[in-house]
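Residue numbers for the sequence shown, in the numbering used here: -5 to 300. From the three backbone atoms N, C-alpha and C, an ideal C-beta is built for every residue, glycine too. As structure tokens, the structure follows; a few thoughts come after it.
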Amino acid sequence: MTTPPVCDYEGSDYQTSFWEKGGREYEDRTEAIALQRLLPKRGRLLLELGAGAGRNTPRYLGFERIVLLDYSRTQLEQAQQRLGKSDKYIYVAADVYRLPFVDGLFDAATMIRVLHHMADAPKVLGQIKNVLGSGGVFILEFANKLNLKAIVRYLLGRQAWSPFTLEPVEFVELNFDFHPKAIRNWLKGLGFKIEKTLTLSHFRVGILKRVVPVGLLIFLDSMFQWTGALWQLSPSVFVRASRQGGKKQEIPDRVLLFFKCPDCGHFPLIEKRNLLECTNCQSKWEIKDGIYDFREHVRNGSFPPS
Ligand SMILES: [Zn+2]
-5 MTTPPVCDYE
5 GSDYQTSFWE
15 KGGREYEDRT
25 EAIALQRLLP
35 KRGRLLLELG
45 AGAGRNTPRY
55 LGFERIVLLD
65 YSRTQLEQAQ
75 QRLGKSDKYI
85 YVAADVYRLP
95 FVDGLFDAAT
105 MIRVLHHMAD
115 APKVLGQIKN
125 VLGSGGVFIL
135 EFANKLNLKA
145 IVRYLLGRQA
155 WSPFTLEPVE
165 FVELNFDFHP
175 KAIRNWLKGL
185 GFKIEKTLTL
195 SHFRVGILKR
205 VVPVGLLIFL
215 DSMFQWTGAL
225 WQLSPSVFVR
235 ASRQGGKKQE
245 IPDRVLLFFK
255 CPDCGHFPLI
265 EKRNLLECTN
275 CQSKWEIKDG
285 IYDFREHVRN
295 GSFPPS
């Protein structure tokens, strides 16, 4: 099955180079504030899409269990080191265009700094809708093409693409900015109700970050976040939406019952030692060192069971 291209962070030191040594304290802490404002106080099972090395995971305080999903296995290994192996965290390497979960499973999902890399955003959003139960909360961060800097550059003739049109702009290969209205249209079209919008990173300007104390920038940004309800002109936007309709189903205790076959949709899968298997289409996937890996099939004979 072909899906749009994925941006693969396999083997990347993104967590260290971008977040820990990249002067991103302002972005990180303003995201923490936004999450606190948007997250449900408690819940049973949260899906973190594009969890990476688990930077945001400890912020999902009220949830009993969290599924960390990422396309990169090495990012998940870093998350395991950070968070540890316990029943609370379930690590899944998979493609967001083909989510391996049964319909209506989760009571919440988050996707932060990920849609940015999606060539087919509506397809991804549709997958997320399917795995959320009725009333399930979805917190989405996206990069906003309608930001002040882009508007000024466009009006001065220093930027070819228009920030005012609804289509996404791919400014670097596999890096997309979206129009807030396009995101709203997609979410509403899928039956989501938009409950809150916050704008972030109002002061993501090199000179400000150098001369103004970071604590002050964070405070000001936290105040400005609320203006997202009125207009969205900052580079980063958070939306809280809830799924309308659909089924409300019991969340199973057994992790095995979370999964469906991403190839044919059959469930439940069966677990054999270090493999998951679909009894309908015979696809098999590996479970290795606590990571469920749905990216590539295990082929008969080519994989030594341990
Ligand atoms: Zn199957």
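Here His260 is exposed, its C-beta having fewer than 16 other C-beta atoms within 10 Å. A Cβ closer than 6 Å to some heavy atom of ligand 1 marks a residue here, and those residues are Cys255, Asp257, Cys258, His260, Cys272, Asn274, Cys275 and Ser277. The shortest CA-to-CA distance from Arg248 to any of Arg293, Asp2, Leu39 and Arg198 is the one to Leu39. Closest option to Asp171, judged by alpha-carbon separation, among Leu140, Thr193, Glu189 and Trp180: Leu140. A Cβ-Cβ distance of about 5 Å is found for the pair Gly239 and Gly185, placing them in contact under the 8 Å criterion. Under the three-state reduction of DSSP, Thr159 is assigned to coil, being neither helix nor strand. For Val146, the enclosing alpha helix (DSSP H) starts and ends at Leu142 to Leu149. For the stretch 19 to 104, the continuous alpha helix (DSSP H) assignments of 4+ residues that do not extend past its boundaries occur at 19 to 32 and 67 to 77, in sequence order. By the Cβ rule, the stretch 267 to 274 does not count as touching the stretch 51 to 71, because fewer than three pairs are nearer than 8 Å. Counting along the chain, Phe172 sits inside no beta strand (DSSP E), nor does DSSP assign it H or E at all.
For the pair Ser236 and Lys175, the CB atoms are not nearer than the 8 Å cut-off. Here Arg67 is actually not in contact with Glu25; their C-beta atoms are around 24 Å apart, not less than 8 Å. Less than 8 Å divides the Cβ of Leu43 from the Cβ of Ile122. With respect to Ala113, Leu168 sits close: the two C-beta atoms are nearer than 8 Å. In the structure shown, the three-state DSSP call for Ser6 is coil. The Cβ neighbour count for Glu161, taken over all protein chains shown within 10 Å, is under 16; the residue is labelled exposed.
In this structure Thr191 touches Val231 by the C-beta definition: roughly 7 Å separates them, less than 8 Å.
Sequence-distant Cβ neighbours of Pro52 in its own chain, meaning closer than 8 Å and more than five residues away, are Leu77. Distances from the CA of Ile245 to each of Asp97, Gly209, His173 and Glu19 were compared; the closest alpha carbon is that of Asp97.
Annotation: Lys117 to Tyr91 spans about 7 Å, alpha carbon to alpha carbon. Under the three-state reduction of DSSP, Ala235 is assigned to strand.
Here Leu263 carries a coil assignment [DSSP, helix/strand/coil].
Taken in chain order, the complete alpha helix (DSSP H) segments of 4 residues or longer contained in the stretch 183 to 249 are 200 to 205 and 208 to 218.
Bridge pairing for Trp279: Leu270 [DSSP].
Contact annotation: Leu109 and Phe136 have beta-carbon atoms nearer than 8 Å. Selection Pro94, Asn124, Ser216 and Gln226 evaluated against Asp257 yields Pro94 as nearest (Cα-Cα).
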